[in-house]
Every structure is written in structure tokens, then in C-alpha cells.
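**Q** Take this structure, written in C-alpha cells, and hold onto it; I'll ask about it next.
There are 2 protein chains.
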Amino acid sequence: MDSRVGKDGRDGGAGGVTRAIRDDIIRGVHAPGARLAEEALSARYGVSRVPVREALRTLEAEGFVARRPYAGVVVAALDDAEAEDLVEIRSLLEPLGAARAAVRHTPEQLGRLKELVALADDALAAGRLEELARLNSRFHEVLAQASGSRTLTELITQLRWKMEWVYTAKLPRRAQDSWREHREIVAVLESGDPDKAARVVTRHIGKGRGAHRPADPQAIAVDQDPED
Amino acid sequence: MDSRVGKDGRDGGAGGVTRAIRDDIIRGVHAPGARLAEEALSARYGVSRVPVREALRTLEAEGFVARRPYAGVVVAALDDAEAEDLVEIRSLLEPLGAARAAVRHTPEQLGRLKELVALADDALAAGRLEELARLNSRFHEVLAQASGSRTLTELITQLRWKMEWVYTAKLPRRAQDSWREHREIVAVLESGDPDKAARVVTRHIGKGRGAHRPADPQAIAVDQDPED
DNA sequence: GCCACCTTGATTGTATACAATCGTGCCCGA
DNA sequence: TCGGGCACGATTGTATACAATCAAGGTGGC
């Protein structure tokens with residue numbers, strides 16, 4: 298149970314602490330609304346208060362924690378309406394990213410996507426769902442990067458983090474067959490058709506309906522599949 | 298030419314430095330690609346290196362600067378493709394925010410919007426364009442907050458900052474008559490119709506066409522109006 | 001003359017120490 | 001008994017000092 302950030306991580310320094318705290322928030326180690334005292338964090342992650350403070354500043358900008366002057370930071374609480382908005386925003390941005398990726402993707406990125414699909418096939422055959430989830434994150438991360446837009450990439454990545462955050466505490470995983478759709482995405486990217494790429498990803502995300510119409514407040518994305 | 302952050306600012310501490318540096322980046326004081334040495338910044342803004350570092354962490358998360366380990370931070374450079382993406386992303390998110398605002402806005406927020414429109418009328422009559430620009434920012438800020446979604450509010454606010462950043466260096470202002478449309482937005486919000494709100498803001502932003510189709514690469518938002 | 005290596009300088013990353021601020025509990029008085 | 005005020009503790013915000021790392025320039029050898 299030692300969460301201290303390893304010295305070996307490629308991102309030396311406070312960046313590692315940022316990732317560690319963010320992961321712990323997503324995984325529910327730090328519950329929403331919990332107070333995050335700087336000294337406690339510095340003890341827990343084995344660094345001084347300065348990197349902790351910088352990490353908290355990053356997490357604040359990303360929306361994972363809220364800061365009030367001289368009152369400390371607390372883990373942000375995502376209510377149902379926020380969760381619904383996340384789904385909606387993502388259903389707008391990821392198709393846009395896919396459309397960009399269809400035009401701008403590099404051969405190397407396409408190769409990485411194909412590689413990830415192949416790895417997922419192996420993992421699926423071996424029944425390693427844990428591996429599948431990790432590959433899923435990587436797939437969408439590379440897909441976002443293929444958009445060629447730094448802004449889009451960062452936004453989509455952060456949205457995915459928050460989606461994971463929301464779903465981690467809400468439902469068990471059901472991951473398997475989304476990879477058939479992943480393979481389809483790669484094929485569309487290779488064809489270079491932006492419209493088709495956007496449509497495929499829209500369907501993949503699971504919000505095929507019109508954009509701006511607010512969904513039924515009752516159906517708070519509980520039927521969404523975290524593994525997409 | 299003293300940019301040091303005043304002690305009087307409501308947001309005590311490093312938050313003020315963050316705002317100051319961001320404003321200077323947006324205003325072009327720190328040119329894209331410029332190296333931002335921490336000590337130079339701390340001298341310029343009259344604080345120590347620690348608040349500067351925290352501010353840079355925030356600005357990094359917001360995408361205004363890029364950090365490379367032990368290599369310092371540089372002001373991010375937005376190429377034309379990025380600028381185009383910003384326009385596209387905003388044309389997706391602001392209508393969504395308006396749709397949410399039409400349903401969730403509080404009476405207080407609606408009052409503030411009306412008040413801003415009135416103030417803009419006065420400023421317009423007096424010919425104070427500088428005041429108009431500031432009111433314009435406030436209007437869209439309150440409009441975003443009225444969406445009731447913290448995520449949406451932050452995203453839209455950051456996008457607006459970046460739009461301002463892009464346009465500051467590119468074209469002169471032409472601000473006047475967008476306020477007629479602002480008044481229209483307020484009316485739609487009061488009516489409570491989400492679809493109509495989304496349509497009005499979509500037209501207001503100036504990208505009425507379909508969402509995912511990439512725009513003509515030649516027409517890089519140069520004909521966009523920064524004052525909307 | 002050119003390349004590899006090392007040294008040096010500057011800059012970032014981190015830790016420790018100090019100051020400012022706020023919440024809290026206690027005490028006193030009505 | 002209850003309310004206001006005050007002092008205390010804890011925590012955040014900031015400044016200074018030190019360690020780690022990298023880039024550049026010089027020097028020696030080939």
C-alpha cells in the first residue's frame with residue numbers, strides 16, 4: 298500500500314505526483330468531497346509539499362479538485378447532471394477528433410492503432426480483461442493524438458479521464474466486443490473519409506441521436522458502456 | 298511598465314500571477330515560442346519563483362505554455378490548423394452551453410445578462426469600444442455559467458481565452474452590432490427553449506453549417522468576428 | 001581541421017523554513 | 001443558558017536555499 302511515486306517514471310518530478318493523485322482520484326481512493334491536505338499528500342506520495350502543490354494546481358485546472366483560498370482543496374464532486382454533460386460533450390468532440398484524424402493521421406499513428414487492435418485480439422483470446430481496459434485507453438489516446446490538434450487531444454483525454462472517474466464508482470465492466478468497432482474505426486481512418494469517421498465514432502460512443510437535445514434526466518448514462 | 302500583480306486583487310496569491318501571465322500571453326507581451334524563464338517572470342511580476350511555477354502549471358494544463366523537463370517553458374504556438382479547430386470546437390460547445398442555460402439558468406444570472414446588455418447599450422451610445430469588449434467577455438462568461446455545468450463553463454471560458462489570443466495578433470476589432478444578437482440570446486433564454494437557444498447561439502458564433510465537415514483550409518477563420 | 005569528451009554555467013526541480021490567514025474551541029459576560 | 005469575542009492551533013501561501021539536470025563552449029587528441 299505504498300503509493301509513493303517511483304523515481305523511475307519517465308516524467309520526472311511533480312508530473313509523476315500529478316498522475317498518481319489523479320489516478321487515485323479516478324480510482325476512488327480519494328472520494329469526492331474529501332479534503333486533500335497538502336502535508337498528508339506529501340507524506341503519502343513521498344515528496345515535499347511543493348510538488349504536491351503544483352500537482353494540485355494542474356488538477357484544479359483539469360477540474361478534478363476545487364481550491365478555496367486558505368481553505369484547502371477538496372476532490373470535486375460530479376453530480377448526475379455533470380456526468381450527463383460529460384457524455385454530451387464527449388459525443389461532440391470525439392467525432393470531431395476522428396474526422397480530423399481521418400485527414401491528418403500519420404502512417405505511424407495508424408500503425409500503432411492497428412498494433413493495439415492486434416494486442417487486444419490476443420488479450421481477448423487470453424481472457425485478460427484488465428489488459429483490455431488499458432489497451433482501450435491507449436487506443437482512444439492515440440486516436441485523439443491522430444487528430445493532429447493539441448487542443449482536441451488534451452480535451453478528449455481529459456474527458457476520458459473524467460468518464461472513467463464517473464464510471465469507476467458506478468458500474469462493473471463489460472468490455473469485450475467494443476474492439477470489433479475499434480477495428481472498424483481504423484479501417485475508416487485508413488480510407489480517409491472524415492464524414493464516415495465522424496459517423497462511426499458517434500455510433501461507437503453510443504450517442505447517435507441529435508446533438509443539442511438534452512437527454513432524459515432520468516437516464517443518467519447508467520446504460521452507457523465505459524468500455525468503448 | 299510595471300506588471301507586478303497588485304496585492305489588492307480578489308484572488309490572493311498565485312492565482313493573480315496566473316491571470317497576469319495569461320493576460321500577457323493573450324495580449325502578445327509574451328510571443329508564441331518565447332522562453333519563459335522562471336526567475337525572469339518572478340522578477341517581472343514581483344513574486345517569488347514558487348507562485349510563478351504554480352501559475353505555469355496551471356497555464357500548462359490550459360494549453361498556453363509547453364513544458365519540457367529541465368528545458369524550461371515556452372509559450373505555445375497556435376498554428377492555423379489549431380485556430381481552425383478552436384473555432385470548430387467552440388461552435389460545438391457554446392450552443393450546447395446555451396441549450397443547458399435555457400433550462401438551468403437562475404433568475405439572478407438572467408438578471409446579470411440583462412444588466413450587461415443594458416450596460417453595453419450605454420457604452421455603445423457613448424462610443425466606448427474598449428468597455429464594449431470587456432462587457433462582451435463578461436456576457437459570454439455569465440452565459441457559460443448559466444449552463445449550470447462546471448465542465449462546460451471551464452471549457453468555454455478557456456476556449457474564449459484562446460480565441461482572444463488568436464485574434465489579438467491577427468485582426469483589428471469590429472464590435473458594435475453583435476449586441477443586438479446578445480439581446481436576442483437573453484430573450485430566448487427567458488423563453489426556456491433549448492433548441493432555439495442552441496440555434497441562435499450557433500448563428501451568433503458564425504458557424505451555422507453542419508458540425509463535422511472540416512472547413513475550407515484556406516479560409517482560416519480570418520473572416521470571423523472576434524466580437525461576438 | 002574535425003570530432004569526442006569534459007567542464008562549466010545556467011536553469012529547473014525539490015526541500016526546508018517562515019509568514020499570513022482562517023476555522024475552532026473556550027472563556028467571559030449578559 | 002446562550003451569545004459574542006478572543007486566543008489558539010492548524011493549514012495554506014510565500015520566500016529562500018540547496019540539489020539535480022541539461023545545454024553549450026572549450027580543450028585535447030587524432
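If you're matching them up, the sequences are chains A and B in order. So the number in the numbering used here is just where the residue sits in the first sequence, counting from 1, plus 297. So the number in the numbering used here is just where the residue sits in the second sequence, counting from 1, plus 297. We put the beta carbon where it would ideally sit given N, CA and C, even for glycine.
Find the residues of chain A that neighbour A378(B), judging by a C-beta separation of less than 9 angstroms, and give them in chain order.
**A** Residue numbering aside, residue 378(B) sits at position 81 when the second sequence is read from its first letter. Near A378(B) (Cβ distances below 9 angstroms), the residues of chain A are R397, R401, G445, S446.
**Q** Per DSSP, which residues does G369(A) bridge with? Please list them.
**A** On the first sequence, residue 369(A) is found 72 positions in, with the first residue counted as 1. R365(A).
**Q** What does DSSP give as the partner residue(s) for L333(A) in the beta ladder?
**A** Counting from 1 along the first sequence, the entry for residue 333(A) is found at position 36. DSSP, once it has assigned bridges, lists V370(A) as partnering L333(A).
**Q** With respect to the alpha helix (DSSP H) encompassing S434(A), which residues constitute its N-terminal and C-terminal limits?
**A** Your numbering for residue 434(A) matches position 137 in the first sequence. Unbroken alpha helix (DSSP H) run through S434(A): 426-442.
**Q** Alpha carbons only, please: which of L338(B), T355(B), A396(B), L416(B) is nearest the one belonging to S488(B)?
**A** In the second sequence, residue 488(B) corresponds to position 191, counting from 1. Of the candidates L338(B), T355(B), A396(B), L416(B), the one whose C-alpha sits nearest the C-alpha of S488(B) is A396(B).
**Q** If contacts are defined as beta-carbon pairs under 8 angstroms, then L440(A) and L416(A) qualify, I think. What distance do you get, rounded to the angstrom?
**A** One-based indexing of the first sequence puts residue 440(A) at position 143. One-based indexing of the first sequence puts residue 416(A) at position 119. Not quite, the Cβ-Cβ distance comes to about 15 angstroms (not below 8 angstroms), so this is no contact.
**Q** Only counting the same chain, and skipping five residues up and downstream in sequence, which positions put a Cβ closer than 6 angstroms to that of R316(B)?
**A** Counting from 1 along the second sequence, the entry for residue 316(B) is found at position 19. None.
**Q** Could you list which residues in chain A have their beta carbon closer than 7 angstroms to that of E351(B), in chain order?
**A** Here residue 351(B) is taken as the residue at index 54 of the second sequence, counted from 1. What E351(B) touches in chain A: R350, E351, R354.
**Q** State yes or no: is the beta carbon of G360(B) nearer than 8 angstroms to at least one beta carbon in chain A?
**A** Within the second sequence, residue 360(B) is the residue found at index 63, counting from 1. Taking Cβ atoms only, chain A reaches closer than 8 angstroms to G360(B), which makes this a yes.
**Q** Along chain A, which residues have their Cβ under 9 angstroms away from the Cβ of I386(B)?
**A** Looking up residue 386(B) in the second sequence gives position 89. Neighbours of I386(B) on chain A, chain order: L389, L390, L393, S446, T448, L449, L452.
**Q** Report buried or exposed for R500(A), applying the criterion of at least 16 other Cβ atoms within 10 angstroms of its Cβ.
**A** Mapped onto the first sequence, residue 500(A) falls at position 203. Burial call: exposed.
**Q** Give the secondary structure of V314(B) by DSSP, where H, G and I count as helix, E and B as strand, and everything else as coil.
**A** As a working mapping, residue 314(B) is identified with position 17 in the second sequence. Of the three classes helix, strand and coil, the one that applies to V314(B) here is helix, per DSSP.
**Q** Kindly indicate which three-state DSSP category T448(A) falls into: helix, strand or coil?
**A** Here the question's residue 448(A) lines up with position 151 in the first sequence. Helix, per DSSP.
**Q** Between the alpha carbons of V362(B) and A423(A), how many angstroms are there, rounded?
**A** If you number the second sequence from 1, residue 362(B) lands on position 65. If you number the first sequence from 1, residue 423(A) lands on position 126. Going by the C-alpha atoms only, they are around 43 angstroms apart.
**Q** Between which two residues does the alpha helix (DSSP H) containing V414(B) stretch?
**A** Position 117 of the second sequence, counting from 1, holds the residue named residue 414(B). Segment 404-423, the alpha helix (DSSP H) holding V414(B).
**Q** Indicate whether R332(A) and V371(A) have their beta-carbon atoms separated by less than 8 angstroms.
**A** To locate residue 332(A), count along the first sequence from 1; it is residue 35. To locate residue 371(A), count along the first sequence from 1; it is residue 74. In this structure, V371(A) lies closer than 8 angstroms to R332(A) by Cβ.
**Q** How big is the Cα-Cα spacing for L426(A) and V414(A)?
**A** Within the first sequence, the letter at position 129 stands for residue 426(A). Within the first sequence, the letter at position 117 stands for residue 414(A). Those two C-alpha atoms are separated by around 14 angstroms.
**Q** So, under 8 angstroms CB-CB, I323(A) and E461(A) are touching, yes? Tell me the CB distance rounded to an integer number of Å.
**A** Residue numbering aside, residue 323(A) sits at position 26 when the first sequence is read from its first letter. Residue numbering aside, residue 461(A) sits at position 164 when the first sequence is read from its first letter. At roughly 5 angstroms, the Cβ-Cβ gap stays under 8 angstroms, so I323(A) and E461(A) are in contact.
**Q** Leaving out five residues on either side along the sequence, give the residues of the same chain with a beta carbon under 8 angstroms from the beta carbon of A373(B).
**A** The sequence position of residue 373(B) within the second sequence is 76, counting from 1. Excluding sequence neighbours, A373(B) sits near P329, G360, F361, V362, A363.
**Q** Determine contact between the region 447-463 of chain B and the region 371-390 of chain B, defined as no fewer than three beta-carbon pairs at a distance below 8 angstroms.
**A** As far as the Cβ criterion goes, the region 447-463 of chain B touches the region 371-390 of chain B, which means the pair count is three or higher.
**Q** Confirm, please, whether the CB-CB distance from L353(B) to L407(B) is below 8 angstroms.
**A** On the second sequence, residue 407(B) is found 110 positions in, with the first residue counted as 1. On the second sequence, residue 353(B) is found 56 positions in, with the first residue counted as 1. No, the pair does not count as a contact, with Cβ atoms beyond the cut-off.
**Q** Please look up how many angstroms separate the CB atoms of G343(A) and R401(A), rounded, as I've assumed it's under 8 angstroms.
**A** Locating residue 343(A) in the first sequence gives position 46, counting from the first residue. Locating residue 401(A) in the first sequence gives position 104, counting from the first residue. Rounded, the Cβ-Cβ distance is 41 angstroms, inconsistent with contact.
**Q** In angstroms, rounded to a whole number, what distance separates the CA positions of D490(B) and E438(B)?
**A** Position 193 of the second sequence, counting from 1, holds the residue named residue 490(B). Position 141 of the second sequence, counting from 1, holds the residue named residue 438(B). When rounded, the distance between both Cα atoms is 20 angstroms.
**Q** Would you mind telling me which residues of chain A sit closer than 8 angstroms to L253(B), beta carbon to beta carbon, in chain order?
**A** Residue 253(B) is absent from the structure shown; chain B starts at 298 and stops at 525.
**Q** In terms of residue numbering, what span does the alpha helix (DSSP H) encompassing S388(B) cover?
**A** The count along the second sequence starts at 1 and reaches residue 388(B) at position 91. Residues 377-401.
**Q** Judging by CA-CA distance, which residue of G369(A), A420(A), Q442(A) is the nearest neighbour of E391(A)?
**A** As a position in the first sequence, residue 391(A) is number 94, starting the count at 1. Of G369(A), A420(A), Q442(A), the residue nearest in Cα terms is Q442(A).
**Q** I need the straight-line Cα distance from A484(A) to T465(B), nearest angstrom please.
**A** As a position in the first sequence, residue 484(A) is number 187, starting the count at 1. As a position in the second sequence, residue 465(B) is number 168, starting the count at 1. If I take the Cα positions, the gap works out to 40 angstroms.
**Q** Can you give me the C-alpha to C-alpha distance between R532(A) and E451(B), rounded to a whole angstrom?
**A** Shown here, chain A extends from 298 to 525; a query on residue 532(A) therefore has no answer.
**Q** State the Cα-Cα distance for the pair V497(A) and L389(A), rounded to the nearest angstrom.
**A** Locating residue 497(A) in the first sequence gives position 200, counting from the first residue. Locating residue 389(A) in the first sequence gives position 92, counting from the first residue. Spanning the two alpha carbons is a distance of roughly 13 angstroms.
**Q** Can you give the beta carbon distance from T448(A) to I386(B), rounded, assuming they're within the 8 angstroms contact cut?
**A** Position 151 of the first sequence holds residue 448(A). Position 89 of the second sequence holds residue 386(B). Yes, T448(A) and I386(B) are in contact; Cβ-Cβ is about 7 angstroms, under 8 angstroms.
**Q** So that I know if they touch, is there some Cβ in chain B lying closer than 8 angstroms to that of L416(A)?
**A** Counting from 1 along the first sequence, the entry for residue 416(A) is found at position 119. So no, L416(A) is outside the interface.
**Q** Determine, using beta carbons only, whether E351(B) and E381(A) come nearer to each other than 8 angstroms.
**A** Along the second sequence, one-based indexing puts residue 351(B) at 54. Along the first sequence, one-based indexing puts residue 381(A) at 84. Not closer than 8 angstroms, so no.
**Q** Whose C-beta lies closer than 7 angstroms to the C-beta of H509(A) among residues of the same chain, with five residues either side of it excluded?
**A** The sequence position of residue 509(A) within the first sequence is 212, counting from 1. Here the model assigns H509(A) a pLDDT of 34, short of 50, so the residue's position is not dependable, and the following value carries that caveat. Here the set comprises nothing.
**Q** Which residues in chain B sit within 7 angstroms of L383(A), going by Cβ to Cβ distance?
**A** What you label residue 383(A) is simply residue 86 of the first sequence in a count that begins at 1. Going along chain B in sequence order, the residues near L383(A) (Cβ under 7 angstroms) are T448.
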